[in-house]
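Chemist: The structure under discussion is supplied below as C-alpha cells; questions concerning it will follow.
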Amino acid sequence: MALRLYTRFVAFSTAVLIFAGGLVTSTGSGLSVPDWPNTYGWFMFTFPLEKMVGGIRYEHSHRLIASTVGFLILVLAVWLWRVEPRRWVRRLGYIALAAVITQGLLGGITVLWYLPDPISIAHAGLAQIVFCLTTAIALFTSRSWASAASQPVDDSMLRRLTVVTTAWIYVQILIGAVMRHTDAGLAIPDFPLAFGQLIPPQWDPKIAIHFAHRVGALVASALILATAGHVFYHHRRDGALVRPSALLLLLLAAQITLGALTVLTARHYVINSLHVVTGASVLVTSLVLTLRAHQSRLGALGAGTAAASIGVGRVPPERGAFEGGPAGPTRTGARA
Amino acid sequence: MRSRLHRLFTGGTLALTAAAALTVAACGRSDEAPPPPAAVSNPVDPATAGAITGLVTFEGTPPASEPISMDSDPYCEKQPQNRTETVVVGEGSGLQNVFVYVKDGLGDRVFPVPSTAVVLDQKGCRYVPHVLGIQVGQPLELRSSDNTLHNIHAVPQQNREFNRALQLTGMKHTHTFSTKEVMVPFKCDVHKWMSAYVGVLDHPFHAVTTGNGRFELKGLPPGTYTIEAWHEKLGTQTQMVTIGEKQTSDVAFTFKG
Chain L
0 MALRLYTRFV AFSTAVLIFA GGLVTSTGSG LSVPDWPNTY GWFMFTFPLE
50 KMVGGIRYEH SHRLIASTVG FLILVLAVWL WRVEPRRWVR RLGYIALAAV
100 ITQGLLGGIT VLWYLPDPIS IAHAGLAQIV FCLTTAIALF TSRSWASAAS
150 QPVDDSMLRR LTVVTTAWIY VQILIGAVMR HTDAGLAIPD FPLAFGQLIP
200 PQWDPKIAIH FAHRVGALVA SALILATAGH VFYHHRRDGA LVRPSALLLL
250 LLAAQITLGA LTVLTARHYV INSLHVVTGA SVLVTSLVLT LRAHQSRLGA
300 LGAGTAAASI GVGRVPPERG AFEGGPAGPT RTGARA
Chain X
0 MRSRLHRLFT GGTLALTAAA ALTVAACGRS DEAPPPPAAV SNPVDPATAG
50 AITGLVTFEG TPPASEPISM DSDPYCEKQP QNRTETVVVG EGSGLQNVFV
100 YVKDGLGDRV FPVPSTAVVL DQKGCRYVPH VLGIQVGQPL ELRSSDNTLH
150 NIHAVPQQNR EFNRALQLTG MKHTHTFSTK EVMVPFKCDV HKWMSAYVGV
200 LDHPFHAVTT GNGRFELKGL PPGTYTIEAW HEKLGTQTQM VTIGEKQTSD
250 VAFTFKG
C-alpha cells in the first residue's frame, strides 16, 4: 500500500519537475545561475532564500526540485529492490535512477556549455522518459494492474494503435523541444492560420520547425481520437481502458488550447510551461493505455506476480528465496 | 522482453558514463586566453595625425523611453527608476549610444594594445555604460557595484561566449577578447532588462556618441576611411571620409525612426 502511494507521489513529483523546467525555459532563466552544481558558489541546499531573485528564482528552484525528485527516485529504486518480487520491475527502478542521474548531469552540462541546443533538447527529451518510467512503475505496482492480470486485453489493433500513438506523441514533444530551444515558438505569429494562410507563404528553418509542430499536433490528435474511439467502441465496459482514454481526450483538448494560447499570448511563461507539462501528461496517459493494451504480453514476464507485492493473492515468488520482500508473497487470478 | 530491458539498462549506464565524462570536460573549460601581443607596425606619426568629428541625429518622433519594471528583485526595485535605453535622443535630436568606428582604411597597421582596463559596471541594476568600445587584447574589467546577485553573460558570434557570477558588491572579473567583433551583446540573465554592447576592434579609432549625439575619432593618420555608425535598434550606416595631414573632417549620420 505504502509503495503504491509512493510510486504515485514520485510520478506526480516528476510532473512538477517538468513544469519547473518549463518555467526555466519560458522565462529565459537557464543561465541566470552560471555555476553548477553550486549556486553562486553556495552549496545548492544552503543557498539563501532571500537571494532567489529574478531568473535565479526559476533556475535554482528547478535545481532543488530536481534534486528532490532524484532522491525520491533513489528511494524508489531501493524500495523496489527490497520488496518487489518482479525482476523486470526492479530493473525499471534502476533504469529510472540511471535516467534521472543522467538527466541531472545533462542539466549541469547545458548550463556549463551555455545551453547548446542539442544538449538542451536531449535534456527535455530525457525528462519525458523519466516521467514515463516513474508512471510505468506506478502502474505496474498498482492494484488495478494486478487485478487486470487475469483478464488481459487481447486486441492486436489496439496494441498497434497505442504504440503508434505513444511513439508519435513523443516525437511531437521532441519537435516541440526543438522549437522551444531554437526560439521558434513565435516564428508563426498567428493561430490557427499561418501568416493568414493554411500553409506559410514564406519559409525559413524556424518557420519550418514551428509548422512541423502544428502538423504534428494534428497527426497526434487524429491518432488519439482513433485510439480513444477504438476503446470506446470495442472496450466500453473495461474501465482500465476507458478511464485513460477519457483522460487522454481531456488532456488533448487542454493541450491544444494551451498551444493556441501560447502563440496568442506571445509565449506567456505560465501558459507556455503548462503546455509543456500537459504535453508530458498526454504522453504518459497514452503510455498507460499502451501498457494496459500490452498487459497480456508483459504478463509473460511475471506480471501475474504483481499481486504478490500488493497482497491480492498468492503465487510463488519469481525469485526462489524472496530477497528482502515481505514473507509469503501472495496472488491468485485477481479480477476474475 | 528481458533481454530488451537488459539492453535498455546497459544503454542507460553507458549514457550516464558519457554524461559524467562530458561534465568533467565541461568543468575543465577555461576562460578565453589573451592573444599574444602583436608587434606594432607602421605606427601613426602624431605630427601628421588628424581627426574625424561628427554628429549622429535621429529624424522623426523618437519612441518614448519606458520605465522598466524591476520588481523581480527587491534590491533593484529600490534603485532609481531605470528606463529603456534602446533609443535615447538628446538635445538637437542627437542620438546617444551610437558606436562609431573606422571600419576600413587603416591598411596593415598594427596598433599597440592599451594595458588600461575598460570598465563595464553593473550598477543600479543596469549596465554602465550601455555601449562601449575596446581593443582586442585590452582588459575589460567587469564589475558589480550592486548589493544583489548578477551574472555577466557575453553572447558573441566570433569570440568565445562566457557567463560569470558576480555575487558580491565590488566583485570583478577581467576578460580579454581575442577577435574583433562589432558588437558583442552582454546580458544579465537574472535581470532580463539589463543589456550592454561592446565593440571589439583591432585599433583604437572608435567612439560612442554622447547625450548630444556627438563623437570624435582622434589621432588618425591621413587617408580615406570607411566610417560606420552602429545602433542597437536602428542598424548601421557607413560613409567614406578623407582627411589630410593634421586635418579634422566632420561627418554627419542621420537615423530615421
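Going down the list, the protein sequences come from chains L and X.
By numbering that gives the first Met the number 0, the letter at position 103 of the first sequence is numbered 102, and the numbering carries on one by one without gaps.
By numbering that gives the first Met the number 0, the letter at position 125 of the second sequence is numbered 124, and the numbering carries on one by one without gaps.
Ideal Cβ placement from N, Cα and C applies to all residues, glycine included.
No experiment lies behind these values; they were computed from the predicted model shown.
1. Short of 7 Å in beta carbon distance, which residues of its chain neighbour I394 (chain L), apart from the five on each side in sequence? Order them along the chain.
2. Would you call the CB atoms of H202 (chain X) and L105 (chain X) closer than 8 Å?
3. Which residue comes first and which comes last in the alpha helix (DSSP H) that contains E76 (chain X)?
4. To the nearest whole angstrom, what separates the beta carbons of C124 (chain X) and Q78 (chain X), a pair I think is in contact under 8 Å?
5. Establish whether the CB of P33 (chain L) and some CB of chain X are separated by less than 8 Å.
6. For V109 (chain X) versus V181 (chain X), is the C-beta distance shorter than 8 Å?
7. Anyone know if the C-beta pair for L257 (chain L) and L273 (chain L) falls short of 8 Å?
8. For H229 (chain L) and W167 (chain L), I'd like the C-alpha separation in whole angstroms.
9. Only counting the same chain, and skipping five residues up and downstream in sequence, which positions put a Cβ closer than 6 Å to that of L233 (chain X)?
10. Does the beta carbon of S336 (chain L) come closer than 8 Å to any beta carbon on chain X?
11. At what residues does the alpha helix (DSSP H) containing Y39 (chain L) begin and finish?
12. Would you tell me roughly how many angstroms separate the C-alpha atoms of L75 (chain L) and G107 (chain L), rounded to the nearest one?
13. At the level of alpha carbons, what is the spacing between S12 (chain L) and A137 (chain L)?
14. Rounded to whole angstroms, what's the CA-CA distance from N162 (chain X) to W112 (chain L)? Just pull it up for me.
15. In three-state terms, what does DSSP make of L21 (chain X)?
16. Can we count Q102 (chain L) as close to the ligand HEM, meaning its CB is less than 7 Å from some heavy atom?
17. Counting Cβ pairs closer than 8 Å, one from the stretch 207-218 of chain X and one from the stretch 87-103 of chain X, do we hit at least three?
18. Tell me the rounded alpha-carbon separation between W202 (chain L) and P111 (chain X).
19. Kindly indicate if chain L contains any beta-carbon less than 8 Å away from that of L141 (chain X).
20. Along the chain, where does the alpha helix (DSSP H) that runs through V117 (chain X) open and close?
21. Helix, strand or coil for G332 (chain L), going by three-state DSSP, please let me know.
22. Distance cutoff 8 Å, beta carbons only. Does L148 (chain X) sit that close to anything in chain L?
23. In terms of DSSP beta bridges, what is W229 (chain X) paired with?
24. If you drop the 5 nearest sequence neighbours on each side, which residues of the same chain put their C-beta closer than 7 Å to that of L268 (chain X)?
25. If you compare alpha carbons, which of L:T264, L:Y268, L:T277 is closest to A253 (chain L)?
26. Ignore the nearest five residues each way along the sequence and tell me which others in G213 (chain X)'s own chain have a CB closer than 6 Å to its CB.
27. Could you tell me whether the Cβ of E191 (chain X) comes closer than 8 Å to any Cβ of chain L?
28. Using a Cβ-Cβ cut-off of less than 8 Å, give me the residues of the stretch 92-124 of chain L that come near chain X, in sequence order.
29. Suppose contacts are defined by Cβ-Cβ distances below 8 Å. Is E49 (chain L) in contact with V32 (chain L) by that definition?
30. Give me whichever residues DSSP pairs with Q196 (chain L) in a beta bridge.
31. Distance, Cα to Cα, A25 (chain X) vs E227 (chain X)?
32. Rounded to whole angstroms, what is the Cα-Cα separation between A219 (chain L) and G136 (chain X)?
33. Taking all protein chains shown into account, do 16 or more other C-beta atoms lie within 10 angstroms of the C-beta of Y232 (chain L), making it buried, or fewer, making it exposed?
34. 8 Å is my cut-off, CB to CB: does Q166 (chain X) come that close to chain L?
35. Reducing DSSP to helix, strand and coil, say where S194 (chain X) ends up.
36. Would you say N162 (chain X) lies against chain L (beta-carbon separation less than 8 Å)?
Modeler: Reading it off the structure:
1. What is shown of chain L runs 0 to 335, which leaves residue 394 (chain L) out entirely.
2. Locating residue 202 (chain X) in the second sequence gives position 203, where the first residue counts as 1. Locating residue 105 (chain X) in the second sequence gives position 106, where the first residue counts as 1. Yes, the pair counts as a contact, with Cβ atoms nearer than the cut-off.
3. As a working note, residue 76 (chain X) is residue 77 in the second sequence. In this chain, the alpha helix (DSSP H) harbouring E76 (chain X) covers 73-76.
4. The count along the second sequence starts at 1 and reaches residue 124 (chain X) at position 125. The count along the second sequence starts at 1 and reaches residue 78 (chain X) at position 79. About 5 Å separates the beta carbons of C124 (chain X) and Q78 (chain X), which is inside the 8 Å limit, making them a contact pair.
5. Walking along the first sequence from the start, residue 33 (chain L) turns up at place 34. Yes, P33 (chain L) lies at the interface with chain X (some Cβ there is under 8 Å from its Cβ).
6. As a first step, residue 109 (chain X) is located in the second sequence; it is residue number 110 there, counting from the start. As a first step, residue 181 (chain X) is located in the second sequence; it is residue number 182 there, counting from the start. Contact flag unset, no.
7. In the first sequence, counting from the first residue as 1, residue 257 (chain L) sits at position 258. In the first sequence, counting from the first residue as 1, residue 273 (chain L) sits at position 274. A contact, by the Cβ cut-off of 8 Å.
8. Taking the first sequence and counting its residues from 1, one reaches residue 229 (chain L) at position 230. Taking the first sequence and counting its residues from 1, one reaches residue 167 (chain L) at position 168. In this model, H229 (chain L) and W167 (chain L) are separated by some 17 Å (Cα to Cα).
9. Numbered from 1 along the second sequence, position 234 holds the residue referred to as residue 233 (chain X). In the same chain as L233 (chain X), and ignoring 5 residues on each side of it, the C-beta atoms closer than 6 Å to its own belong to F254, in chain order.
10. Since the displayed chain L opens at 0 and closes at 335, residue 336 (chain L) lies outside it and no answer follows.
11. The residue labelled residue 39 (chain L) in the question sits at position 40 within the first sequence. Premise fails: Y39 (chain L) is in no alpha helix (DSSP H) and is neither H nor E.
12. Mapped onto the first sequence, residue 75 (chain L) falls at position 76. Mapped onto the first sequence, residue 107 (chain L) falls at position 108. For L75 (chain L) and G107 (chain L), the distance between alpha carbons rounds to 23 Å.
13. In the first sequence, residue 12 (chain L) corresponds to position 13, counting from 1. In the first sequence, residue 137 (chain L) corresponds to position 138, counting from 1. When rounded, the separation of the alpha-carbon atoms in S12 (chain L) and A137 (chain L) is 12 Å.
14. As a first step, residue 162 (chain X) must be located in the second sequence, where it is residue number 163. As a first step, residue 112 (chain L) must be located in the first sequence, where it is residue number 113. Between N162 (chain X) and W112 (chain L), the C-alpha separation is close to 9 Å.
15. By 1-based counting over the second sequence, the position of residue 21 (chain X) is 22. Any answer about L21 (chain X) is weak, because its pLDDT of 48 lies below 50 and its placement is not dependable; what the coordinates show is given next. Helix at L21 (chain X).
16. Of the ligands one can find in the structure shown there are none, so the ligand HEM has no counterpart to examine.
17. Short answer: they touch.
18. By one-based count along the first sequence, residue 202 (chain L) stands at place 203. By one-based count along the second sequence, residue 111 (chain X) stands at place 112. Computed Cα separation, rounded: 47 Å.
19. Indexing the second sequence from 1 puts residue 141 (chain X) at position 142. False, the Cβ-Cβ gap to chain L never drops below 8 Å.
20. Locating residue 117 (chain X) in the second sequence gives position 118, where the first residue counts as 1. Membership of V117 (chain X) in any alpha helix (DSSP H) is not indicated; the residue belongs instead to the beta strand (DSSP E) covering 117-121.
21. The residue labelled residue 332 (chain L) in the question sits at position 333 within the first sequence. Any reading at G332 (chain L) is ruled out, since the residue's pLDDT is 30, under 50, leaving its predicted position unreliable.
22. Locating residue 148 (chain X) in the second sequence gives position 149, where the first residue counts as 1. At least one CB atom of chain L sits nearer than 8 Å to the CB of L148 (chain X).
23. Mapped onto the second sequence, residue 229 (chain X) falls at position 230. Note: W229 (chain X) sits in a beta bridge opposite X:F98, X:T235.
24. Because chain X in this structure spans residues 0 to 256, residue 268 (chain X) falls outside the shown range and cannot be described.
25. As a position in the first sequence, residue 253 (chain L) is number 254, starting the count at 1. It is L:T277.
26. For the purposes of this step, residue 213 (chain X) is taken as residue 214 along the second sequence, with counting starting at 1. The sequence shown places Arg at residue 213 (chain X), not Gly. Cβ within range, chain order: L54.
27. Along the second sequence, read from residue 1 onward, the residue named residue 191 (chain X) stands at position 192. Note that residue 191 (chain X) is Lys in the sequence shown, not Glu. By this cut-off, K191 (chain X) is an interface position.
28. Across the stretch 92-124 of chain L, CB contacts with chain X closer than 8 Å involve Y93, I94, A97, A98, I100, T101, L104, L105, G107, I108, L111, W112, Y113, in sequence order along the chain.
29. Start at 1 with the first residue of the first sequence, and residue 49 (chain L) comes out as number 50. Start at 1 with the first residue of the first sequence, and residue 32 (chain L) comes out as number 33. E49 (chain L) is not a Cβ neighbour of V32 (chain L), given a cutoff of 8 Å.
30. Here the question's residue 196 (chain L) lines up with position 197 in the first sequence. Within the DSSP bridge table, the entry for Q196 (chain L) names L:A193 as partners.
31. By one-based count along the second sequence, residue 25 (chain X) stands at place 26. By one-based count along the second sequence, residue 227 (chain X) stands at place 228. Note that A25 (chain X) scores a pLDDT of 42, beneath 50, so its modelled location is shaky; the value from the coordinates is reported in the next line. Distance between the alpha carbons of A25 (chain X) and E227 (chain X) is about 38 Å.
32. Start at 1 with the first residue of the first sequence, and residue 219 (chain L) comes out as number 220. Start at 1 with the first residue of the second sequence, and residue 136 (chain X) comes out as number 137. Cα-Cα distance, rounded: 54 Å.
33. Taking the first sequence and counting its residues from 1, one reaches residue 232 (chain L) at position 233. Burial state of Y232 (chain L) is exposed, judged by a 10 Å Cβ sphere holding fewer than 16 other Cβ atoms.
34. Here residue 166 (chain X) refers to the residue found at position 167 of the second sequence. Yes, Q166 (chain X) lies at the interface with chain L (some Cβ there is under 8 Å from its Cβ).
35. The count along the second sequence starts at 1 and reaches residue 194 (chain X) at position 195. Strand at S194 (chain X).
36. For the purposes of this step, residue 162 (chain X) is taken as residue 163 along the second sequence, with counting starting at 1. Yes, because at least one Cβ of chain L sits closer than 8 Å to the Cβ of N162 (chain X).
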